[in-house]
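J.: Chains as they are written, first to last, in the UniProt record's numbering: chain A, 1 to 495; chain B, 1 to 495; chain C, 1 to 495; chain D, 1 to 495.
Even for Gly, the Cβ is constructed at its ideal location relative to N, Cα and C.
4 protein chains.
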Amino acid sequence: MPAPLSNAKPFLAHPFDDDKLREECGVFGVTGTADAANFVALGLHALQHRGQEAGGIVTHSMETGFHSARRFGYVRDTFTSPSLMEKLPGTVAIGHVRYSTAGSKGQTEIRDVQPFFGEFSMGGAAIAHNGNITNVDALRRELIDRGSIFQSSSDSECIIHLMARSLQRDIPERMKDALRRVEGAFSVVAMTRTKLIGVRDPLGVRPLVLGRVGESWVLSSETCALDIIGAEFIREIEPGEMVVISPEKGVVSHRPFEARKSRFCIFEHVYFSRPDSILGGRSVYETRRQIGVELARENPVDADIVCPVPDSGTPAAIGFSQESGIPYAMGIIRNQYMGRTFIEPTEQIRNMGVRLKLNVNRALIAGKRVILVDDSVVRGTTSRKIKEMILDAGASEVHFRIASPPTAWPCFYGVDTPQREKLLAATMSEDEMREHLAVDSLKFISLDGLYRAVGEAEGRDANCPRYCDACFSGEYPVEPADMLERGFKLKTAAE
Amino acid sequence: MPAPLSNAKPFLAHPFDDDKLREECGVFGVTGTADAANFVALGLHALQHRGQEAGGIVTHSMETGFHSARRFGYVRDTFTSPSLMEKLPGTVAIGHVRYSTAGSKGQTEIRDVQPFFGEFSMGGAAIAHNGNITNVDALRRELIDRGSIFQSSSDSECIIHLMARSLQRDIPERMKDALRRVEGAFSVVAMTRTKLIGVRDPLGVRPLVLGRVGESWVLSSETCALDIIGAEFIREIEPGEMVVISPEKGVVSHRPFEARKSRFCIFEHVYFSRPDSILGGRSVYETRRQIGVELARENPVDADIVCPVPDSGTPAAIGFSQESGIPYAMGIIRNQYMGRTFIEPTEQIRNMGVRLKLNVNRALIAGKRVILVDDSVVRGTTSRKIKEMILDAGASEVHFRIASPPTAWPCFYGVDTPQREKLLAATMSEDEMREHLAVDSLKFISLDGLYRAVGEAEGRDANCPRYCDACFSGEYPVEPADMLERGFKLKTAAE
Amino acid sequence: MPAPLSNAKPFLAHPFDDDKLREECGVFGVTGTADAANFVALGLHALQHRGQEAGGIVTHSMETGFHSARRFGYVRDTFTSPSLMEKLPGTVAIGHVRYSTAGSKGQTEIRDVQPFFGEFSMGGAAIAHNGNITNVDALRRELIDRGSIFQSSSDSECIIHLMARSLQRDIPERMKDALRRVEGAFSVVAMTRTKLIGVRDPLGVRPLVLGRVGESWVLSSETCALDIIGAEFIREIEPGEMVVISPEKGVVSHRPFEARKSRFCIFEHVYFSRPDSILGGRSVYETRRQIGVELARENPVDADIVCPVPDSGTPAAIGFSQESGIPYAMGIIRNQYMGRTFIEPTEQIRNMGVRLKLNVNRALIAGKRVILVDDSVVRGTTSRKIKEMILDAGASEVHFRIASPPTAWPCFYGVDTPQREKLLAATMSEDEMREHLAVDSLKFISLDGLYRAVGEAEGRDANCPRYCDACFSGEYPVEPADMLERGFKLKTAAE
Amino acid sequence: MPAPLSNAKPFLAHPFDDDKLREECGVFGVTGTADAANFVALGLHALQHRGQEAGGIVTHSMETGFHSARRFGYVRDTFTSPSLMEKLPGTVAIGHVRYSTAGSKGQTEIRDVQPFFGEFSMGGAAIAHNGNITNVDALRRELIDRGSIFQSSSDSECIIHLMARSLQRDIPERMKDALRRVEGAFSVVAMTRTKLIGVRDPLGVRPLVLGRVGESWVLSSETCALDIIGAEFIREIEPGEMVVISPEKGVVSHRPFEARKSRFCIFEHVYFSRPDSILGGRSVYETRRQIGVELARENPVDADIVCPVPDSGTPAAIGFSQESGIPYAMGIIRNQYMGRTFIEPTEQIRNMGVRLKLNVNRALIAGKRVILVDDSVVRGTTSRKIKEMILDAGASEVHFRIASPPTAWPCFYGVDTPQREKLLAATMSEDEMREHLAVDSLKFISLDGLYRAVGEAEGRDANCPRYCDACFSGEYPVEPADMLERGFKLKTAAE
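1. Flag this pair as touching only if the segment 384-401 of chain A and the segment 291-304 of chain B have three or more C-beta atom pairs under 8 Å; answer yes or no.
2. Below 8 Å on the Cβ atoms is my contact criterion, and I expect ASN130(A) with GLY414(A) to pass it. Report the Cβ-Cβ distance as a whole number of Å.
3. Counting only Cβ pairs nearer than 8 Å, list the residues of chain C close to HIS161(B).
4. What first and last residue would you give for the alpha helix (DSSP H) that runs through CYS224(A)?
5. Taking VAL243(C) as the reference, which of GLU236(C), PHE233(C) and HIS254(C) has the closest Cα?
6. Could you tell me the alpha carbon to alpha carbon distance between CYS25(B) and ALA37(B), rounded to whole angstroms?
7. Compute the beta-carbon to beta-carbon distance between GLY65(B) and ALA225(B), rounded to the nearest angstrom, for a pair I have assumed lies under 8 Å.
8. Measure from the alpha carbon of ASP469(A) to the alpha carbon of each residue in ALA363(A), ASN359(A), VAL270(A) and GLN322(A), then state which is nearest.
9. Give me whichever residues DSSP pairs with ASP155(B) in a beta bridge.
10. Considering residue 497(B), what are the terminal residues of the beta strand (DSSP E) in which it resides?
11. Where LEU372(A) and THR80(A) are concerned, what is the direct C-alpha to C-alpha distance, given to the nearest angstrom?
12. Roughly how many whole angstroms lie between the Cα atoms of GLU344(C) and GLY55(D)?
13. Examine the Cβ distances between the segment 205-221 of chain A and the segment 148-167 of chain A and report whether three or more of them are shorter than 8 Å.
14. In chain B, what lies closer than 7 Å to GLN290(A) by C-beta?
15. What is the residue span of the beta strand (DSSP E) that HIS269(A) lies within?
16. Three or more C-beta pairs closer than 8 Å, one from the segment 324-334 of chain D and one from the segment 268-282 of chain D: is that the case here?
17. Where does SER154(A) land, buried or exposed, given buried means 16+ other C-beta within 10 angstroms?
18. Within this structure, are the beta carbons of VAL40(D) and GLY123(D) separated by less than 8 Å?
19. In chain order, what residues of the same chain have a beta carbon less than 6 Å from the beta carbon of ASP374(A), not counting five sequence neighbours either side?
20. For the putative contact between ALA45(C) and LEU358(D), defined by C-beta atoms under 8 Å, what is the C-beta separation to the nearest angstrom?
21. When the Cα of ASP19(A) is compared with those of THR417(A), PHE28(A) and GLY367(A), which residue comes out closest?
22. Any beta carbon from chain B within less than 8 Å of residue 563(C)'s own beta carbon?
23. Classify LEU139(C) as buried or exposed, calling it buried when 16 or more other Cβ atoms lie within 10 Å of its own Cβ.
24. Please determine if the segment 213-221 of chain C and the segment 28-36 of chain C are in contact, where contact requires at least 3 C-beta pairs separated by less than 8 Å.
25. What number of angstroms, rounded off, separates the C-alpha of GLY459(C) from the C-alpha of GLU430(C)?
26. Report the residue from VAL213(C), ILE237(C), THR427(C) and GLY51(C) whose alpha carbon sits nearest the alpha carbon of ASP227(C).
27. Measuring CA to CA, which of THR194(B), GLU241(B) and GLY230(B) is closest to ARG180(B)?
28. Please determine, among PHE412(B), ALA438(B) and ALA185(B), the residue with the shortest C-alpha to C-alpha distance to GLU397(B).
29. DSSP state of SER277(C), grouped into three classes?
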C-alpha cells in the first residue's frame, strides 16, 4: 500500500453519527456553461450529506486545459473562495464529495480525494465514483505487476489505470473496457476535454440523475442538487446505462453491460438521500412519512406523544403521529451550532457527551409516555443515550419505533458500515435488543412493511427482490470477492 | 471614537438572518469548580443562538491570577482547543457571546468582545453584559472628560469605568454604584477573584437564571445552558436583584435599585430563546406551539397543508396544525450544511439566492393550498422569496400566518433591529403588506393573542402591560435617551 | 496586574540571541503624505533589529478618523498585505516594533503592543515609546487609585493615562504634563489628528532623528529607516527637546524639561544600532571598525587569522585585521535560512544545538591560530559553544577579543538584560572568565578604549562621562526607583 | 500535461534573486537511525540554499511502512513541528528541497514536490532527484502510450515509471534499467524498505557525497549538510557510480553506466554551493576567495575600497582586497529581516525597490572610488540598481569586478536560467555591458582564470575541459534533446 501522506486532517465526523450507516460519496457534473465550477460547487453543497470529509472539482477550459482542486472540509468553506474558484475555469466540470472511512483503513489523504485524473495519448480524463468496487484487490495486484503506479489507497483509482491500459482509441470506449472489468456498485461521473459521461452499474445500486438548465446538461447523485441550480429533472440514468454528453450530439445512450434485473439500494429511501430528493419517481420525504404510517400500523402502542430523534427520524414520526392520532411533539432539540468536533477535555465533561448535540425539552416530556421514532439502529449506542436523556427528563414510558428493519449485515457497495460483529442486530434478537436498551418497547418496521412504504404493495418478492436490501437480509446481489478473500462469511442456509 | 482595529472579520451573518431581529448577547458564569473555563465554554455553546459573531471567557485562578481569551467565530471552533483551554485555569469564570451589529456602527473588533476587565486597587473584576445602555453617550462623554480611556466602542465598557471611579471599598458595592448610573436593559454576569455576581435591571428585560451542579453555582441567560452541563435550574434572578455568590456565603441577594413593575421582553418567547429553555416557568416550545393554536383560532383558513418556515416557525406550525386539523408537513427543507457564508460569484448564481439555504419539497407542494407559518416579518424580504419558491413548486394558494404581531418599532434594549423606516410594518398596513408580498392571505397574531399564548388569559393589560412589547406597540418602558438625542421620534398620541 | 490574554505567541527569539543584550523598541512616525502607513511599515522594517516580536501602526485620516493595527511577527510578514494596509488610510501615522521581554515578566500579549491610543475630550492621541520608565510602579498605583483602567502590562501605558488626566487644553501640553511625571529613558513618537510629535528625555539615552522626504516630515529611531524611504537626514532631536510638527507650522521646538548634561547610550554604538546608521554624526560601521582597531592596539596577539562571530562581530574583526595585519577570514558561516525557531525534537539533536545557526569552515580553520572577534559577552553560553566548534574543527589556538568592556550591570533604560547574577562579568574577573571559557586568551576593550573609538580622544571623563555606560560601570544616571523598591542593590563605594 | 492543481503558493522568491541563476534541488538521505526523519530535516535545512520553495521527506518503518510529507515553505517552518515529525517514523529516510521554476512552466503544485513514491510488486521505492533529464519529452510520450499515469509535471517522475515497467526482480536493478534510459544530469538519492541508494550520472554534473555518523550512513548534495548532524565526510559518490547501502552489507558500489570523462558543474564553485562545503577536496570559501585573487590579478584598478555585493560576493571581495591591498569595507548592508516577499503597494514605494533589501553605508562611500565585487551578471537588472545606490551615496567612481565569466548560455542540467535572449552577455559584448550599466569599469574573470582558481593551474583545456562550463562556453556535454526539439539553437562554429 502506498505511503500515507501526513497532511493534517481537519476533523473527525460527528461523535453522534458514528452510530449511523454512512453513504460514502456524492457525484456531480455539468457541461455547457462558462460557470461550470460554480455549478459543481453548488451541486456538491447540496450533496454534502453524502460525504462530509472532503471534496474535489476538475474542470476543462479550451484555453487553459484541465484544472483541479481538492480540499478537506465542507464545500461551503472551501469551494466558495473567489481566489480558488477563479483557478477552475472551463465549460465542463465534475466533482465529488466523500465521507471519511473508519480507522481500519487508515486516514484519508488529500491524494485519496476524487476526482482522479489521467492523461492518455488521446487526451486527459477525470472520473468521480460513488459506490464500491468489490474486486479491487485482485485488479490492483494485476495492474501493479504490469507497471502501474497507484497514487492513492482508493478503490476507485483502478478505473483510471484500467482506462490507461485499454487499447481503445477514444475515452468512452476505454471507460467501457475498464468498467467491464470491475465488480460491485458504481455510479460514475466522468469528463474528457469535450464530453461529460455518466454510468451506473448493471444493478443500479447507487442513484444518478440527469438534469438540464438552460443549455447545460447536469449529472447528479440526487435531484436536490438539480434544484439548487434551478435545473429541471429529466430522468434517472438507467441501471447499466452509459450516457455520453457533448454540446454537438447531446445525450447519447450506450448499454455496455449485459442486462440484469436492477437492485437499487433501499437504504437510500430510509436514510441516505435528502428528504427533498425524488427517487424512482417518489418523494423521499413522503416515503419516509409512509414508513411511519406502516410502522404505526404494524406496531401500535398507547402513549401521550410521538417524538422524532432529530433530524432523520422526523418524517417517519410525523407519519406515525398522523396514523396513530397521538400528538407529534419536538421532545428532543438539536443544537444547530453543533460542529464537526467539540473536544471534551475532562472526564467530567466527556461524560456529558450527548447533550452537546441534543437536549430534551424537559417541560414537555415530564410524566409522559413517549414514542421515539428513529431511522435505524446500528450499534445501539445512541439509542441508549437518548433513552437515558428521556428518562432523566421524567418520561414515564419510552417506546422505540424504528423506521427500518434490524441492520444485521454490513454493506459492501459504497456505505461505511461497522464490521458485522459490531451491529447490534447481528448478535441479538429484537427482544434482546429491547432488554439491552432497557426500554418499554422496541419495534422495527418489517422488511415487507418497508417494501410497501416504498411502493411495493405486495411487500418484498423473496424470489426476485426489487431492491438491494443486503444490510437487512444478508442477500448480496454481487458477490463481495475481496471481503470473502479476507475471511468474511456469507449467510448460511441455517441463518 | 477610538480607532477601529483592523483585525480580520471571519464572516457575515446568514444572508437569510438579515431579515430577523437578533438578540445581541448571551452571558454565562460559574464558580466553585476546577473546570470553570470548560463549563463556561459549554454554556456559551448552548447560548450560541444569542450571539454568533464572537465570544470571550475570563477566569481566575488563585495560583496564577486572571486569564482571558477573546475570539471571533463559533464557540465550538474556538474554545475547544486544549491548547487554548489550558491557558484558562481557575475556579471562577464568566463568558459572553455576541452578535455582529449592523454596518452603521462599523465593524466589531476583538477589543469590543466581552468580558471587559478592570484592575482596581482592591483587585480585578470582569463583567459580561446582555442588554443595552440607553444613556451611554452622556456617560461616555462625562467619563472621558475626567480622564478615562475607553478601549472599545461597546456601550458596556462604561460600566467598568464607572466602577473604577466609585469610592466604594469592595467590588459588589462599586458595581451597584455603577449600575445605578446606567439606564436601559442589563443582565450582567461579573466576577472578582472570589465572587460570581449576577444582576438584572429593575425591569428585568433580559433573562438571567441561577443553577447548581455539584458544588458549583451557575448563572446563565437561559436554562438550556444549564442542561448542557447537567446543572439543576434553581430560579430566575429577579428583576432589580443582584446576587453575590461565593463558596463561603453561597448566594446572597441584594436589591440595589428602587422597585418597579417588571417588563420582560416578550420577543424572547417568540424567537430569541431556545425552544428547550424555560422562561417564567413556561416551556418556550410549548408557548410557541400555543401561539400557533391562538393563530389558528384568530385567523383560520381552508387549506391542504401547514408548513413551517424552518426552523423558527416549526412549533407554531405544529400548534396551528393541531388546532386546525390541517396536516402538518415539511414543505421546505433546510440545508443543514449551510454555513455562515456562501460566496456567490456570478450574477447567474446570485439570482439563485435562497436555494442555498432552503429547498422546497416539490412533490409535496405541487397543487396544494399551503399555509406557511413564520415567527415574524421584519423587512419582508425573506417572506417574498419563500412565497416565490412555493409558487414555483406549483402550490395553488399561499397563506402566511405570522406568530407575532407586526414589528413596527425598533428595539433599544439589546436587540439588533433595522431603523424604523426599514420595518415593513412601520410603513404599511396589514393589507398593504399582503399586497406587497402578493400572497392569498397574510395574518399576524394579535397582541392580545400573543399575551394569551404566554399565559395572560385576559390578554394585554394596556394600563400596565406585563411585558416589554415596544417593538409591536411603540411603548418604550425606558426612555431611549441617546436615540432621542440622535433624532429618534417616539410614538405620538395620533399613532 | 491585568489578566494575561491567551493569544498565541508565534515564536521565541533566536536561541542564540538569548546571549545578547536586546534593545526593546524602535519608533517611527511620518506626517504629510497620503501613503503614511506604508512609509511607517517601511521604516519599521528598517528598524526590525530593534524589536522582532511585534509591531503596531496607528494612522489618522481626516475622512475616516483613527485606524490601528497590531500584529505579532516581522513587519515584512504582517504590514505588507494590501488588505491590511488599505485599512490604515491617513496622512499622519506612527509605528512601533518591540522585542519580547524575558519569561519573568510573562508573555507579551497583543494588547501590550504599541502604539497606545487614548481618546480625550479634545480628540484622540497615540504614542509609541522607546526606553523604559523607572518609576512606573508608583505611577500605576496612583492612577489605578483614581480610577484609570490599564489595558496592558506595559510601562508605557501610564503616559497616555497621565495625559488623560492632565487639565491642559491641548494634547502637546498634556504630553508635557505627563512626561514631567515620568523618570527614566524615553524617546517618544506621538500623533494627534493633525500633529506629529517627537520627544527625547533630558539625558537623551535613546536615539531619535528627524528627516524629510518631499513634503513629509519623518521621525525615526535611526537614520537607516530614513534611507529606506529615501528621506534626507535633517538632525537629531536633542536631549530634552520636544518637536511638534504640523503641515502649517512645520517643526516647532519646545524645551519642556530642566536642562541636564546628556548621556546617550554607548551600547547603541557597540551593538544595538544598525551599521549603516549614523549616530552623533558618526557612521556606526566605522565606529565599530575603529573599536576593532583599538582592540588590536590594546590587546595584540600573534595568530593566523581573524574571524568575526557573525554577524555583529564583523566590523570590529575587519578593524582588528587591518590594524594587526593578520588576514581576515570568514571562519564561521551563518545559515541564512535560520528562522526564529527550529524545534529540536530529540535529545540527540538538541545536543547539536548551535550548528543549526552557525557552521565552521573546517578547511579554513584546521591547524590555525584563530582570533575570534565578538561584540560582547553576556552570559557566556554562546562563547563557550563557538569555542568548541572552532576547536572541533582543528584550530590550534583560540583567542577571544571582545568589542565592549565586561557587561557587569543590568540596564534599566529600555534594554532587556538578564538579572545581575546571570551576567558572567558580574561574578567573575577577566581571568576567571578566560578559564571558564577555556580559551587561550580573552581580552575586552577597555572603557577608555571604547570612548576613544566613539570619538572621545581622551577616553572617559570619570567626573562627567558623556555616555550612559551603566552596563559596564554600574553608574546609573537616573535612579532606578522601581528596581530599588524591588530590592536591587546599587554599586557600593567598595566595588 | 496533467491538470495544474490550485493549491495556494506561499511565496515567490526574492525579487532580488530573480537576477541569479538558481540551483533547482538538494537531496539528502540517511539509513540506520531511529531518528531518520529528523536527520533528513536537518540535512535539508542545511541545503535550503539549493531549493527554497518546497520540501519533502519519505521514511520507512518496519512496523508501519512508508510515510511521506510534502510542504511548501522553508524546512525550518515546516519539518520542525513535532506533530508532523512524529508522523514520519522509520530508520531509512530521504528528502528533497526544490526551487520554484519560472512562470513559463506554470506554478509548482504540491504533487510536483519530491520525493516520488512508487509501489512495485516487490515493495515500494522513493526517489529524490537533483539535476534535469534532457530527453524527458520522448520518455513521457512513450510511457503514456503504454498506460502510465503521470501525477506531476516534473521530469523526475519518469524515473519511477521506468522502474515500474522494468522486468528486473529487485529495485536497485530496476533503477539501473531506468537510469540507463534517461539522459542529462542526475544525482539521485533513493530508498526501499531496507536500502538507501545514491547515484550520479556518468558526467557527475551535480554533487553527491557520502558521510557517516555513528552507525548511520548519509548521502547529501553537499558536505555542509553532513556538518549539521555531526557526520564525518567519507568521500564523494563518483561520476557514474551507484551505491547501495544496507545495514547488513554496508556500502556496495556498482558501475551501471559506460565510463566517460567527468564534467562537474563549475558554477557550483562560483555560486550554488555553500561556502562552508568542500567540493572536489577544495573549500568553496577558499576557492571563491582565490577567484577574487585571480580577478585582482587579471583586472587591477586603482580605488579606495573594495565592497562585496552581499552576501555572495563577499569571499571574492576579501580575496580581491588581499591581492590588491585596497581596503575591504562593508559598503552595502543587507537587511537581515528581508523576507521572501515585501509587497510594495504604491508606485511611489515600488520605485524605492532595492532599498528594502540593501542599504548603502553612506558615510563610508561618499567621495570614494569603489570596487564592487559580485559573483555573476545574469540579466544585469540588479547590477544597475546597485550602481545607482552607490552613486546616490556619493561615490566618485564605480568599478564592477565579476567573479565569473559572462553568462551567455542557459543551463539545461538542473539550473533555472532565463531564456538565452534574456541573458545580458548573450546579446552584448563586455564593453556594451559596461556602457549599459554605465559604470567606470566592468571586468569579468576569464574562463582560464576561473579554472585556475578551482585548481587547474594551466587553465581550461579546450580539448577536454574538466568541468561543465556550458553557461559560459556554450559547449553542452550532453545534447539537450528536448530543447533542440523545441527549437533551441546550439552554438555555431561562427560564434
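T.: Reading off the structure:
1. With the cut-off at 8 Å, the segment 384-401 of chain A and the segment 291-304 of chain B do not touch.
2. With a Cβ gap of about 6 Å, ASN130(A) and GLY414(A) count as contacting.
3. What HIS161(B) touches in chain C: GLY147 and ILE149.
4. Annotation for CYS224(A): the continuous alpha helix (DSSP H) segment containing it runs 224-227.
5. Closest option to VAL243(C), Cα to Cα, is HIS254(C).
6. Using only the alpha carbons, I get a separation of about 18 Å.
7. So it is not a contact: roughly 26 Å between Cβ atoms.
8. Ranking ALA363(A), ASN359(A), VAL270(A) and GLN322(A) by Cα distance to ASP469(A) puts VAL270(A) first.
9. Paired residues: none, contrary to the question.
10. The requested residue 497(B) does not occur in the structure, where chain B is confined to residues 1 to 495.
11. Going by the C-alpha atoms only, they are around 38 Å apart.
12. For GLU344(C), the predicted model reports a pLDDT of 43, less than 50, meaning its position is unreliable and no value from the coordinates is stated.
13. Judged by Cβ distances under 8 Å, the segment 205-221 of chain A makes no contact with the segment 148-167 of chain A, as fewer than three pairs qualify.
14. Taking a Cβ-Cβ threshold of 7 Å, none of the residues of chain B is close to GLN290(A); the smallest such distance is about 12 Å.
15. For HIS269(A), there is no enclosing beta strand (DSSP E), since its DSSP letter is neither H nor E.
16. No contact exists between the segment 324-334 of chain D and the segment 268-282 of chain D.
17. SER154(A) counts as buried, since no fewer than 16 other beta carbons sit within 10 angstroms of its beta carbon.
18. Cβ atoms of VAL40(D) and GLY123(D): not closer than 8 Å.
19. Around ASP374(A): VAL309, GLY313 and ILE402.
20. Correcting the residue type first, residue 45(C) is His in the shown sequence and not Ala. Wrong, their Cβ atoms sit about 13 Å apart, outside the cutoff.
21. Checking every option, the nearest Cα to that of ASP19(A) belongs to THR417(A).
22. Here chain C covers residues 1 to 495 and nothing more, so residue 563(C) does not appear.
23. LEU139(C) is buried by the Cβ-count criterion.
24. Cβ pair count under 8 Å is three or more, so yes.
25. If you draw a straight line from the Cα of GLY459(C) to the Cα of GLU430(C), it comes to about 21 Å.
26. The shortest Cα separation from ASP227(C) among VAL213(C), ILE237(C), THR427(C) and GLY51(C) belongs to VAL213(C).
27. The candidate whose alpha carbon is nearest that of ARG180(B) is GLU241(B).
28. Comparing alpha carbon positions, the residue from PHE412(B), ALA438(B) and ALA185(B) closest to GLU397(B) is ALA438(B).
29. Coil, per DSSP.
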